[in-house]
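*Asks:*
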Amino acid sequence: MASSLCYQICIALVPALVSLPALAGKQPPAGTSALLAVLETTDLHANVVGYDYYKLVDEPSFGLDRTASLIAQARKEFPNTLLLDNGDTIQGNALADYQALVQPLRCDQTLGIYKVMNKLGYDGAGIGNHEFNYGLAFLGQATGQRFDVTGVKHAKKCAGPSFPMVLANVYSAKTRKPLFAPYHIIEKKLSAVGADGQPLATTVKVGIIGFAPPTIMSWDKRWLEGKVTTQGVREAAEQYIPEMRARGAELVVAIAHGGLDAGRYSPAMENAGYYLAQVPGIDAMLLGHAHQLFPNPDSTVAQFNLPGVDKARGMVHGVPTVMASLWGKHLGVIGLHLKHDGKRWTVEQDKTFVQARAAQTGAGSFVDADPAVLALVKEEHEATIRYVRTPVGSTAFRMSTYFADVGDGSAIEVVNQAQADYVAKYVAANLPQYAKLPVLSVSAPFKSGLAGPSDYTDVKAGDLALNNAADLYLYPNALYAVKVSGAQLKAWLEKAAQRFNTIDPARTGPQELVNQAVPSYNFDTVTSRDLGYEIDVTRAAGERIRKLSWRGKPVAAEQEFLVATNNYRASGGGNFPGLDGGKTVIAAPDNNRDILIAYIRGAKQLTRAANGMARSWRFAQVKTAGPVVFHSAPGMIRLAHEAGLHNVSQLAADDGSGKGTALYAIDLAQ
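Using the working numbering, the first residue of the sequence shown is number 9, and each one after it goes up by one.
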């Protein structure tokens, strides 16, 4: 930052850009320098404002309204900025669904997020995989494009963003031409400093080129098959970047909707940024899709420790690179120090810097939201809130996690059913090589009283609205599926069983059942009538899973399963043995919560018999000399008994912890 600060001081001492001597199309003199800050947003997922439409509360930790403040700060700091978006912009929350499916956008209307981006003065944008989730007709309308593809008709060009959108590696199967413009060359005005130290106004031609993951052909097969084709990211870059240079691009910024992956390159590679950076002619690279933060010197992500990757400086094979996480939580900044030799601009690498600026300024504190953003989308925002209150189904029983630690799966089974159903259908459509493998699903009781008696999932019988899905599935994860052996499945369940303390049957005093050092979201639970196992809490951790069976037969060590889970767990979250990203066979484009909502819509009414009583696990029976106790909200014993847990009793309405929780006991002999 020291070099950029010096530059800022120099600029601060001169008049405004409009009063600087202009070069009227001439090349600036040799020795002219300028600082161009390339700003990135990525994976906004329609989070225009910091509001959780599922919980129906303000949420300051994300939202383009706060990123807007970071953008304003950057524009005050840097004399020249280029603001770009990396895609996955128009889908991802209830606001997006409302504008695409509930109250479909008219041709003369602009998407809420594009209205805001227009107002913020974006210079360009790429296209992500989630742009295709609503189909090509909607994508063409929302982006103001007229796609020439089979089965899609656009009567006229509709309203769209006022900035160029680029995508180089997706083609119409009908015309063999790119679906969007593969690249665009922006003539950007620059406030520069001549070799004599005097300010001057000039321009630089910046070429932007976009790439989407070729795996869209699997993820959105229903929309894309027979209509579009894809090209490998590296191949598209090698084709178009020389053309961009020949047409006058002095700088090239690659907008790659993907992360880093050191696996062997193929044209179908999802996260090809590692190889894209090796294509000659790229001056800066914007990454996305992986929802990671780069640069990040503290990251332990394996991809950030690859040869040629500098996670502290933000370099990939020498190319300045940024990935601004997701949902507007960060603003990516690449400060390109430019020098002109009298013929062309070059980037001074030693002075260039890369940053990911956070909207969070401290524990529980964030930059102020720009109120103009909400004002622009007030109508859509309020309509969406009304929408999420609308029932999508109903439940005939109460779904809660008050007794999830002792076997109540009432709030877990429907999540597992939705995930398993999704994976089974995905395999049938796309992965026939796995068609014979049993499909299991795991989920966890995300809310288990850590913050007190109100900190439990509790969805009462009656109508289910979209916001209830957030109570059933707390985190905005993506659905992943992994292939594991019987031995690996057992190790997975052993890790989950660390949720419990080791119980001494001979001890006469009370013993705490739950190990509070193990968070409830790591208590992965199967709720399948086909899988059975016992957890023997009298044994040491790692030796507790007993009688693991599939359809009444012992699970063999070499037997294979597909297990539906989430991206966090499949990629190593929680440090479960063997789950490090290498066993993933499905990385779905859909969130677990959205999959759950779709499943509830299809089921219409949930019943305890069909959706809340299946149990895969039980405690191994053992008689203890003293009580085995745990804590939950007071007065809920009826719910335990309704779930079939007749061995549970309430000992005291107040456990004396000061949290307002009650003391319960479980008889492990029953």
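By construction, the Cβ of each residue, glycine as well, lies at the ideal position given by its N, Cα and C atoms.
Taking the straight line between their C-alpha atoms, what separation do you get for Tyr576 and Ala595?
*Replies:* Using only the alpha carbons, I get a separation of about 11 Å.
*Asks:* Restricting to runs no shorter than 4 residues, where is the alpha helix (DSSP H) found entirely within the stretch 186-240?
*Replies:* List check, alpha helix (DSSP H) in window: 224-227 and 229-232.
*Asks:* What did DSSP end up calling Cys18 once you bin it into helix, strand or coil?
*Replies:* In this predicted model, Cys18 has a pLDDT of only 39, less than 50, meaning its place in the structure is not dependable; the value taken from the coordinates is given anyway. DSSP places Cys18 in helix when its eight states are reduced to three.
*Asks:* Going by beta carbon distance, what residues of the same chain come within less than 6 Å of Asn619, once the five residues before and after it are set aside?
*Replies:* Within the same chain, Asn619 has close Cβ partners Glu421 and Val422.
*Asks:* Does Ile249 come out as helix, strand or coil in the three-state DSSP assignment?
*Replies:* In the structure shown, Ile249 sits in a helix (DSSP, three-state: H, G or I).
*Asks:* By the three-class DSSP mapping on this structure, what secondary structure does Asp73 have?
*Replies:* Three-state DSSP puts Asp73 in a helix.
*Asks:* Can the beta-carbon of Ser624 be found closer than 8 Å to that of Gly494?
*Replies:* Cβ atoms of Ser624 and Gly494: not closer than 8 Å.
*Asks:* List in chain order: all unbroken alpha helix (DSSP H) runs of 4+ residues lying wholly within the stretch 49-127.
*Replies:* 72-85 and 102-105, all fully within the stretch 49-127.
*Asks:* List the residues that DSSP assigns as beta-bridge partners of Val422.
*Replies:* None, per the DSSP bridge assignment.
*Asks:* Can you grab the Cα-Cα spacing for the pair Gly372 / Ala366, in whole Å?
*Replies:* Using only the alpha carbons, I get a separation of about 13 Å.
*Asks:* Just reading off the beta strand (DSSP E) that Gln363 is part of, what are its end residues?
*Replies:* Its beta strand (DSSP E) spans residues Phe361 to Ala366.
*Asks:* Can you grab the Cα-Cα spacing for the pair Ala436 / Gln427, in whole Å?
*Replies:* Roughly 14 Å between the two C-alpha positions.
*Asks:* For Trp500, report the span of its alpha helix (DSSP H) as first-last.
*Replies:* Segment Gly494 to Ala504, the alpha helix (DSSP H) holding Trp500.
*Asks:* Specify the secondary structure class of Pro635 as computed by DSSP and reduced to three states.
*Replies:* Coil, per DSSP.
*Asks:* With DSSP collapsed to three states, give me the class of Ile263.
*Replies:* Correct three-state label for Ile263: strand.
*Asks:* Give me, in chain order, the residues of the same chain whose beta-carbon lies closer than 7 Å to that of Val636; leave out the 5 immediate sequence neighbours on both sides.
*Replies:* If we look at Val636 and ignore the five residues flanking it on each side, its Cβ neighbours are Ile511, Gln519, Leu521, Ala673, Ile674 and Leu676.
*Asks:* Which word fits Ser665, buried or exposed, when buried means at least 16 other C-beta atoms lie within 10 angstroms of its C-beta?
*Replies:* Exposed.
*Asks:* What is the rounded straight-line gap between the Cα of Thr573 and the Cα of Ala163?
*Replies:* Whole-angstrom Cα-Cα distance: 42 Å.
*Asks:* Considering Asp602, what are the terminal residues of the alpha helix (DSSP H) in which it resides?
*Replies:* Asn600 to Ala611 is the span of the alpha helix (DSSP H), which, as asked, contains Asp602.
*Asks:* Measure from the C-beta of Gln368 to each C-beta in chain B and report whether the shortest distance is under 8 Å.
*Replies:* The structure shown contains no chain B; it holds only a single protein chain.
*Asks:* Could you work out which residue in Ser640, Leu113 and Ala473 is closest to Tyr410 when comparing CA atoms only?
*Replies:* Residue Ser640 is the option with its Cα nearest to Tyr410.
*Asks:* Buried or exposed for Val630, please, with buried defined as at least 16 other CB atoms from any protein chain shown within 10 angstroms of its CB.
*Replies:* Exposed, because fewer than 16 other Cβ atoms sit within 10 Å of the Cβ of Val630.
*Asks:* What are the boundary residues of the alpha helix (DSSP H) that Lys386 is part of?
*Replies:* Segment Lys386 to Val396, the alpha helix (DSSP H) holding Lys386.
*Asks:* Use the C-beta contact count for Arg516: other C-beta atoms within 10 angstroms, 16 or more gives buried, fewer gives exposed.
*Replies:* Rather than Arg, the amino acid found at residue 516 in this sequence is Thr. Per the 10 Å Cβ criterion, exposed.
*Asks:* First and last residue of the beta strand (DSSP E) that includes Asn141?
*Replies:* Here Asn141 belongs to no beta strand (DSSP E), and DSSP marks it neither H nor E.
*Asks:* Please name the residue or residues paired with Gln519 in a DSSP beta bridge.
*Replies:* Its beta-bridge partners are Val636.
*Asks:* Would you list the residues sitting across from Gln658 in a DSSP beta bridge?
*Replies:* In DSSP, Gln658 forms a bridge with Tyr672.
*Asks:* At a cut of 8 Å, does the stretch 41-56 reach the stretch 83-97 through at least three beta carbon pairs?
*Replies:* Yes, they touch.
*Asks:* Going by the CB atoms, is the gap between Phe86 and Ala133 shorter than 8 Å?
*Replies:* Not a contact, by the Cβ cut-off of 8 Å.
*Asks:* State the Cα-Cα distance for the pair Pro303 and Gly340, rounded to the nearest angstrom.
*Replies:* Spanning the two alpha carbons is a distance of roughly 9 Å.
*Asks:* Tell me, which residues are paired with His338 by DSSP?
*Replies:* For His338, which the question treats as bridged, DSSP gives the partners Ala366.
*Asks:* By Cβ distance below 6 Å, which residues in the same chain neighbour Ala32 in space, the five residues on each side in sequence not counted?
*Replies:* Residue confidence for Ala32 is low, a pLDDT of 47 falling below 50, so the modelled location carries little weight; the figure read from the coordinates is stated next. Around Ala32: no qualifying Cβ.
*Asks:* With DSSP run on the structure shown, which of helix, strand or coil describes Arg507?
*Replies:* Of the three classes helix, strand and coil, the one that applies to Arg507 here is helix, per DSSP.
*Asks:* Quick one: what's got a C-beta closer than 6 Å to Gly143's C-beta in the same chain, skipping five residues either side?
*Replies:* Closer than 6 Å at the Cβ level, and outside the excluded window around Gly143, lie Trp231.
*Asks:* Would Asn655 and Thr535 qualify as a contact pair, given that the criterion is a beta-carbon distance under 8 Å?
*Replies:* No.
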